[in-house]
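Visitor:
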Amino acid sequence: GLRAEYARQAQLNEVNLRIVAGEASRQRESTQAQLVAIREENESARRQAELSRELQQAGSPGQIASYKDRAVSIARGHILGKTMNEVTSQVVAMVLRADLTGSVSLLTNGERILMQSALDDWGGQVESATVRSEFQTLLDDSAGLTDQGIGAAGLAMLEYRKADGNSLGWNQGCSTVVDYVNQAVARGLNEPMLLLWKGQCLRKRGDALLAYEAFSDAATLMERDPEDITLEQSQMAHHGVGTTLIALAAQSQLPEGQEKNLALQEALSELRIAAKIRADRGSTRVGVAYTEENMGFIYILEEDWTAALSHTENIDNILPLAWNLTVRNIAARENEAALKRAGASREAVREMKRIQNDTAMVLSLMDCGQIDKAELMRLLPQTYSDEVDELAAHCLVESGGI
């Protein structure tokens, strides 16, 4: 008795150390993601060194006026996912200055508000309420649909940032994001970034089919104009299509004519691309694992228990993730039953039981926010609801999406 209790305590300590180490890895990935964003912005500025030299030589109002269309395009791009940098912000600022101080007006009122709001947003020094009121003015007071659309897009951008900070909760900004995106699209502004924001919010809410359509539409638009797409947008689209396809297959809600096995193969391919983009952008192994983790659900849906066990072991060697551990536990249960039916050795069956005990122990010590049963169950067949309840017994059922 005492020896068993001592062994259990030692195992608990070891598990707690793993969870703490995993949390430290998450923090490192979060810092790395911020560094990647800064590096991408700096690289983008470096690629425009030629433009920077041109700007220094543009002295006359006529020369500056020739940059007008480019400045408007840069400001629009900033709102639609292509953040300005040190060089491109100079173009916008220079044209804006020339318009305000020159004898001839270069810009329409809508263009002026768009450029000022993009500049204020990029600089970060201006109170966000000011930026919001600038976008609101574009939406409410512009005569043209194009200006109204970009106003709605700007408001969607601000709301998405806020919602993203609140785990994309539907009532914490996401319903407003979808509303503004729909307003922008209704005014003819059909841009990938808008559809990605909408997809993310609908996915989190659990509207898998609508989210899948938004991600797929975004991906189609990206293929038409790949020059204008950032790696982050590409990653979001591939991850979104892959994850929503899994959810549709798990809930038997695939669109008419889509065959389950083919859909799962497509989902696997999409997640592989998303994981590769993440790695190429400079993400840590933890960041890549966040995307690869979702592949485990595909193996469960295909009932390929061996592949599920192998995949989840690879992820678990990087860090303990709640969904990965859940998939691992289910695969071990199913594989244990299959081994017994096949008359396998006692040792093989014992190994499956060990995996179930280990994964259940780690999950019992994990933060409930990481488990999120409602969200998890959208990616698994309903038959596993009881197993997930058992594994997450220490948590109250929380509402979520996918």
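The sequence shown lines up with residues 1 to 402 when you count with UniProt numbering.
Where is the CB? At the ideal position from N, CA and C, for every residue including glycine.
(1) Starting from Trp170 and walking both ways along the alpha helix (DSSP H), at which residues does that stretch end?
(2) Give me the residue from Asn85, Leu2, Ala143 and Leu189 with the minimum Cα distance to residue 425.
(3) Taking the alpha carbon of Lys276 as the reference point, which residue from Ala308, Gly343, Ala289 and Ala249 has its own alpha carbon closest?
(4) Reducing DSSP to helix, strand and coil, say where Ser44 ends up.
(5) Can you have a look at Asn357 and say buried or exposed, based on whether 16 or more other CB atoms are within 10 angstroms of its CB?
(6) Comparing the C-beta of Val36 with each C-beta of chain C, is any distance below 9 Å?
(7) Does His239 pass the burial test, meaning 16 or more other C-beta atoms within 10 Å, or should it be called exposed?
(8) Please check the pair Val178 and Leu202, which I expect to be a contact at CB under 8 Å, by giving their CB distance rounded to whole angstroms.
(9) Among the residues of its own chain, which have a CB less than 8 Å from the CB of Trp170, if the five just before and after it don't count?
(10) Look at residue 403 and Ala247 and say whether their C-beta atoms are less than 9 Å apart.
(11) Within a Cβ cutoff of 8 Å, which residues of the same chain sit near Ser399, ignoring the five residues on either side of it in sequence?
(12) Taking Val362 as the reference, which of Leu321, Glu292 and Ser128 has the closest Cα?
(13) With a threshold of 16 other CB atoms inside 10 Å of the CB of residue 412, please say whether the residue is buried or exposed.
(14) Mind reading off the beta-carbon distance from Thr244 to Leu271? Whole number of angstroms is fine, and I expect it under 8 Å.
(15) Under a three-way DSSP split, which group does Ser310 fall into?
(16) Residue range of the alpha helix (DSSP H) that Met115 falls in?
(17) So the alpha helix (DSSP H) Ser234 belongs to, where does it begin and stop?
(18) Can you tell me which of the three DSSP states Cys201 falls into?
(19) Roughly how many angstroms lie between the CA atoms of Ile330 and Glu232, to the nearest whole one?
(20) Are the Cβ atoms of Glu29 and Ser283 separated by less than 9 Å?
(21) Please classify Asp217 as buried or exposed, where buried requires at least 16 neighbouring CB atoms within 10 angstroms.
(22) Please work out which residues of its chain come closer than 6 Å, Cβ to Cβ, to Ile371, disregarding the five sequence neighbours upstream and downstream, and give them in chain order.
(23) Indicate the three-state DSSP secondary structure (helix, strand or coil) for Ile318 in the structure shown.
(24) Can you give me the C-alpha to C-alpha distance between Gly257 and Thr383, rounded to a whole angstrom?
(25) Between the beta-carbon of Val87 and the beta-carbon of Ala71, is there less than 9 Å?
(26) Is the beta carbon of Leu114 less than 9 Å from the beta carbon of Asp147?
(27) Is it buried or exposed, Lys340, if we count other Cβ atoms within 10 angstroms and call 16 or more buried?
(28) Going by beta carbon distance, what residues of the same chain come within less than 6 Å of Tyr67, once the five residues before and after it are set aside?
(29) Leu262 and Glu191 - do their beta-carbons sit closer together than 9 Å?
Guide: If we stick to the structure as given:
(1) First-last for Trp170: undefined, no H or E at that position.
(2) Since the displayed the chain opens at 1 and closes at 402, residue 425 lies outside it and no answer follows.
(3) For the residues Ala308, Gly343, Ala289 and Ala249, the minimum Cα distance to Lys276 belongs to Ala289.
(4) In the three-state reduction of the DSSP assignment, Ser44 falls in the helix class.
(5) Flag for Asn357 reads exposed.
(6) Among the protein chains of the structure shown there is no chain C, as only one such chain exists.
(7) Of the residues assessed, His239 falls on the buried side of the cut-off, its CB having 16 or more other CB atoms within 10 angstroms.
(8) The Cβ separation is near 7 Å, so the contact holds.
(9) Around Trp170, the same chain offers Cys201, Lys204, Arg205 and Gly401 as residues with beta carbons nearer than 8 Å, after the five sequence neighbours per side are excluded.
(10) No answer is possible for residue 403: the residues shown for the chain start at 1 and end at 402.
(11) Any reading at Ser399 needs caution, since the residue's pLDDT is 43, under 50, leaving its predicted position unreliable; the model's value is listed next. Around Ser399: Ala374.
(12) Nearest of Leu321, Glu292 and Ser128 to Val362, Cα basis: Leu321.
(13) Nothing about residue 412 can be reported from this structure: the residues present for the chain run from 1 to 402 only.
(14) Here Thr244 is actually not in contact with Leu271; their C-beta atoms are around 11 Å apart, not less than 8 Å.
(15) Helix, per DSSP.
(16) Met115 -> alpha helix (DSSP H) spans Asn109 to Gly123.
(17) Unbroken alpha helix (DSSP H) run through Ser234: Leu231 to Ala250.
(18) Helix, per DSSP.
(19) Each residue's Cα considered, the two are about 32 Å apart.
(20) A contact, by the Cβ cut-off of 9 Å.
(21) A residue is called buried when at least 16 other Cβ atoms come within 10 angstroms of its Cβ; Asp217 meets this threshold and is buried.
(22) Answer for Ile371: Ala322, Ala392 and Cys395, listed in chain order.
(23) Three-state result, Ile318: coil.
(24) For Gly257 and Thr383, the gap between their C-alpha atoms comes out near 24 Å.
(25) Their beta carbons are not under 9 Å apart, which means Val87 does not touch Ala71 by this criterion.
(26) Yes, these two residues count as a Cβ contact at 9 Å.
(27) Flag for Lys340 reads exposed.
(28) Counting only Cβ-Cβ distances below 6 Å, and skipping sequence neighbours, we find Val91 and Val95.
(29) Against a cut-off of 9 Å, the Cβ pair of Leu262 and Glu191 comes out as no contact.
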